[in-house]
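Protein chains in written order, with this note's numbering: chain A, 304 to 700; chain B, 304 to 700.
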C-alpha cells in the first residue's frame with residue numbers, strides 16, 4: 304500500500320483545517336466576483352492597528368547602529384537588555400517583582416506556549432482548555448504528547464469552577480487560560496481568577512504539581528477596565544506567556560516571551576528547561592534585531608481607542624439587530640450567538656450577504672460565531688446592512 | 304513521590320547537556336582567573352564574520368520605509384517578495400529551477416529541520432544520521448517522535464554507503480545529511496553524493512518513501528572548491544533546509560528556509576504540511592522585518608576569505624605539531640583526532656593550557672575534538688603554543 308508523503312497525524316490535521324482554507328478560498332472568489340468593497344472579512348485575527356511611534360523610532364535607531372556583533376547568536380533566553388526591559392515593564396503591568404533572568408524571549412506567544420507545554424508535559428498528561436478556546440491550543444498540546452481536555456465556560460464565558468474541578472484527574476498537568484479571550488472577548492473577572500487559583504491550590508500536590516499557564520497577549524487590549532484581573536498573584540505555580548503582537552500591532556515580528564513569577568516553585572529548573580527547549584525546538588532565540596527594538600519600547604502600546612471604536616460600532620449594531628451578544632471587554636473579537644443553532648449554516652448565510660466569519664464550532668463552542676473587529680472602520684460600516692439582512696432572513700422563516 | 308517540575312525526558316536531556324554548561328562555566332572561571340587574553344575559546348559555533356554591506360544597507364532601507372502593515376502576519380510561508388528572492392538565489396546556487404511557491408521561510412535551518420521531520424515522520428519512524436553529526440539532530444528527531452539511527456562516516460568523514468544500506472529498515476523514513484559538515488568540515492564529494500542518491504533510489508518505494516533531508520547552511524562557506532556537490536539533483540525525494548546564518552553572519556536573526564526541488568513527489572502536499580506546521584509548532588512565520596531585509600540581499604555573502612585565513616593558520620599549525628587532521632574544505636570547524644583515544648581527557652588537558660574545545664563524543668565520534676575557527680585571528684595566533692604544549696605533554700609520557 305502506498306504510504307502518504309506526510310505523517311498520518313499531519314495529513315489528518317490538514318484535512319480538519321481544510322474548511323478554513325475553503326472559507327479563505329471562498330472569500331477570494333467572492334472578492335473577485337463582487338469587488339473588495341462588497342466583501343466584509345471578519346474572519347482573520349491579524350491586529351490591524353498602527354504600531355506606536357516609539358516602535359518605528361526604535362527600529363530606525365537600531366538600524367542606524369550598525370553593530371556587526373549584535374546579529375549573532377546570543378544566550379538562548381535573549382539579550383540581557385531586552386529581558387531587563389521586558390521584566391521592568393511586566394513588574395509594573397502585573398504589579399509583581401519579575402526579574403530579568405525570569406524572562407525568556409520567544410517566537411511570539413505561540414512559541415512560548417509550545418516551549419512551556421513541552422517543558423512540563425510527560426506523554427499522556429492532560430491539559431485543561433476552557434472553551435471557547437484558541438484552536439491552536441489543541442496542536443500545542445498534542446505536539447507536547449499531552450491530551451487536551453475541554454471544559455466549557457459559562458454563558459458569560461467565565462470559568463465554571465465546578466466543571467473544572469470535575470475535569471481534574473491524576474493526569475492533569477496544566478490548565479491553559481486566555482484572558483482577555485480569543486474568541487469570546489471575555490475578561491475573566493477577579494472572583495473567577497481567585498476562585499480558579501483556590502481550586503488549583505487545593506489540587507496542587509508534590510506528587511502532582513498542576514501548572515496554570517496564562518496566555519496573556521491581549522492583556523492590555525481592554526475596554527471599560529483599568530486593570531485586567533489575573534490569577535497569577537494567587538497561585539504560585541503560574542507561568543505567564545505573552546507577546547508584543549497586539550500591544551504594538553507587530554504580530555509578524557514574532558516578539559514574545561515567557562515570564563516566571565517570583566513564587567514559582569523550582570523556578571531555576573523550569574527556566575533551564577525553557578531555555579533548552581527554546582533552542583532544541585528550533586526557535587533558538589527571538590530575532591536579535593527585534594529584541595534590540597523591544598528593549599527600547601517595551602512599554603509602548605498601540606492605539607486601543609481605535610479598537611474600542613470598532614467594538615462599539617459593531618456591537619451596538621448587532622444588539623440593535625437582535626443578535627444575542629456578551630459585549631467583549633477585551634481582545635479583538637465579538638462572539639455573538641448565531642440566530643440559528645447551526646453556526647456553520649448561519650456562517651454560510653452570512654457569506655451569501657458578503658460577510659466572512661468563523662463558526663464557534665472551530666473554537667469548541669458551536670452555536671456562536673467569531674467576528675474579528677480588527678478591520679477597517681469602513682468595513683464595519685458597510686457591512687451593517689448585511690448583518691441586519693442575515694438575521695432578518697432567519698427570523699422571518 | 305514528588306514529581307519533577309519538568310517532564311522526565313526534558314530533565315534527562317538537561318542532565319546530558321550539563322557537561323557543555325559545565326565547560327562553559329569552567330571557561331568563565333578560567334577567564335576570571337587568567338584574564339580573557341589567556342583563554343582560547345574554540346568551543347562555540349557562532350559565526351563571527353562581519354555581515355556584508357548589502358545586509359546593513361537593506362536593514363537601513365527597510366527601517367526607513369515605515370510601513371505599518373508590513374509588521375503584521377503574512378501567509379505562514381512568508382512574504383511573496385522574500386520567497387521569490389530566495390527562490391531566484393537558490394535556482395542559481397543549486398542550478399535547479401526552484402520557484403517562489405516551493406520556498407517556506409523558517410526560523411533558521413533549525414526551525415526548518417523541525418518542521419520537515421515533523422511533517423514526514425510517523426511515531427516510531429527512523430531517521431538516519433551520519434556521524435559525526437550536529438548534536439541537535441537528536442533532539443529534532445526525537446521531538447518528531449522518531450528514532451535517530453547513527454551511521455558512522457569513513458575516516459575521511461565521507462558517507463559509508465555500505466553502512467548506510469545496512470542501516471535501512473522498513474521504518475527508515477529519512478536520511479539527514481549536512482555537507483559541508485558540522486563538526487568535521489568535510490564536504491561530501493560528488494561520487495559520495497551520487498552514490499547516496501543511487502542507494503536511496505533503490506530503497507524508495509511507494510509503500511516506503513524515504514526522504515533525503517539536506518541541511519545546507521554551510522553550502523557557500525567552502526575552501527578550495529567552486530561548487531559544493533549535492534545529491535539533490537540525483538534524488539527526487541530531497542528537501543533542502545538552509546539559512547542565512549552563516550552566509551550573512553546573522554545567526555541571531557533566525558533567517559532560514561525550506562526549499563522543495565521541482566521533482567519532489569507530491570510537492571503540494573508536503574508544502575501544505577510544512578506551511579501548517581510552521582504555524583502550529585509556534586514559529587508562525589519568520590520575522591517580517593528580516594524577510595523584507597532578505598528580499599533585498601538574498602544573494603549577499605560574508606567574507607569567506609576571513610574564515611579561510613583562520614582555517615589555514617590553525618590547520619597548518621596543528622599538522623606541524625603532529626595532530627592528525629583532515630583539513631576541512633567547508634564550514635567553520637576543524638575536527639582533529641585527539642592524540643590520546645580518550646577525547647574527554649584530552650579536552651581536559653587542553654583546558655589546563657587555556658584552550659576550550661568540544662569532545663567528539665558529543666557529535667557521535669569519540670577520539671576527536673571540534674575546534675571552531677570562527678574566532679578572532681588573534682585568538683588562534685596566541686593559542687598555538689598551548690596546542691603545541693598539550694600534544695607534547697601526551698607524547699612525552
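For glycine and all other residues, C-beta sits at the position ideal for the given N, C-alpha and C. Source: prediction; values computed, not measured.
### Message
Need the endpoints of the alpha helix (DSSP H) that residue 362(A) sits in, please.
### Response
356-368
### Query
Where does residue 597(B) fall in DSSP's three states?
helix
### Message
Need the endpoints of the alpha helix (DSSP H) that residue 429(A) sits in, please.
### Response
Looking at the DSSP string, residue 429(A) is not in any alpha helix (DSSP H); the run it does join, the beta strand (DSSP E), is 429-434.
### Message
I'd like the ranges of any beta strand (DSSP E) spanning at least 3 consecutive residues and lying wholly in the stretch 399-430 of chain A.
### Response
406-410
#### Entry: Beta-carbon neighbours of residue 579(B), restricted to chain A and to distances below 8 angstroms
313, 316, 317, 320
### Query
Closer than 8 angstroms, CB to CB, is residue 333(A) near chain B or not?
no
### Query
What is the residue span of the alpha helix (DSSP H) that residue 675(A) lies within?
Note, residue 675(A): premise wrong, no alpha helix (DSSP H); beta strand (DSSP E) at 672-675.
### Query
For residue 505(B), which residues in chain A fall below 9 angstroms Cβ to Cβ?
Those within 9 angstroms of residue 505(B) in chain A number zero; the least Cβ separation is about 17 angstroms.
### Message
By DSSP's criteria, residue 446(A) is part of a beta bridge. Which residues make up the other side?
### Response
According to DSSP, which records beta bridges pairwise, residue 446(A) is partnered with nothing at all.
### Straight-line gap, residue 290(A) to residue 672(B) (C-alpha atoms, nearest Å)
Here chain A has residues from 304 to 700 only, and residue 290(A) is not among them.
### Query
Using the beta-carbon count (16 or more within 10 Å), is residue 457(B) buried or exposed?
exposed
### Message
Across the stretch 595-615 of chain B and the stretch 430-438 of chain A, are there enough close Cβ pairs to call them in contact, namely three or more that are closer than 8 angstroms?
### Response
no
### Message
Going by DSSP, what residue range makes up the alpha helix (DSSP H) through residue 610(A)?
### Response
607-624
### Query
Can you find a C-beta in chain B that's less than 8 angstroms from the C-beta of residue 569(A)?
yes
### Query
Measuring CB to CB, does residue 544(B) end up less than 8 angstroms from residue 516(B)?
yes
### Task
Look up residue 722(B) in the DSSP assignment and give the residues it is bridged to.
Here chain B covers residues 304 to 700 and nothing more, so residue 722(B) does not appear.
### Query
residue 587(B) by DSSP, collapsed to three states: which one?
coil
### Query
Looking at C-alpha atoms only, which residue of 648(A), 614(A), 645(A), 583(A) is the closest neighbour of residue 633(A)?
614(A)
### Task
Consider the Cβ of residue 584(A): report whether some Cβ of chain B lies at a distance smaller than 8 angstroms.
yes
### Task
Give the straight-line distance between the Cα atoms of residue 501(B) and residue 576(B), rounded to the nearest whole angstrom.
27 angstroms
### Query
In chain order, what residues of the same chain lie with their CB nearer than 6 angstroms to the CB of residue 379(B), ignoring the 5 residues before and after it?
578, 581, 582, 588
#### Entry: Integer-rounded CB distance, given that residue 389(B) should sit under 8 angstroms from residue 560(B)
6 angstroms
### Cα-Cα separation between residue 366(B) and residue 359(A), rounded to whole angstroms
8 angstroms
### Length-filtered (3 minimum) beta strand (DSSP E) runs lying within the stretch 495-536 of chain A
514-518
### Message
Beta-carbon within less than 7 angstroms of residue 429(B)'s beta-carbon, same chain only, minus the 5 sequence neighbours each way: which residues are those?
### Response
449, 450, 452, 472, 474, 475, 476
### Straight-line gap, residue 495(A) to residue 631(A) (C-alpha atoms, nearest Å)
17 angstroms
### Task
Leaving aside the five residues before and after residue 406(A) along the sequence, list all residues of the same chain whose C-beta is less than 6 angstroms from its C-beta, in chain order.
386, 389, 390, 560, 562
### Task
Mark residue 354(A) as exposed unless 16 or more other C-beta atoms lie within 10 angstroms of its C-beta, in which case mark it buried.
buried
### Task
Look at residue 345(B) and residue 659(B) and say whether their C-beta atoms are less than 8 angstroms apart.
yes
### Task
Check residue 343(B) in the structure and name its three-state DSSP category.
strand
### Message
Taking the straight line between their C-alpha atoms, what separation do you get for residue 491(B) and residue 485(B)?
### Response
12 angstroms
### Task
Verify the CB distance criterion: does residue 485(B) have a CB-CB separation below 8 angstroms to chain A?
no
#### Entry: Neighbourhood of residue 661(A) by C-beta distance below 6 angstroms, restricted to the same chain and skipping five residues each side
346, 673
### Query
Since residue 694(B) is in the alpha helix (DSSP H), which residue starts that stretch and which ends it?
680-698
### Task
Taking all protein chains shown into account, decide if residue 655(A) is buried (16 or more other Cβ within 10 angstroms of its Cβ) or exposed.
exposed
### Task
Can you pull the chain A residues whose beta carbon is under 8 angstroms from the beta carbon of residue 764(B), in chain order?
The shown model of chain B, from 304 to 700, leaves out residue 764(B), and the question about it has no answer.
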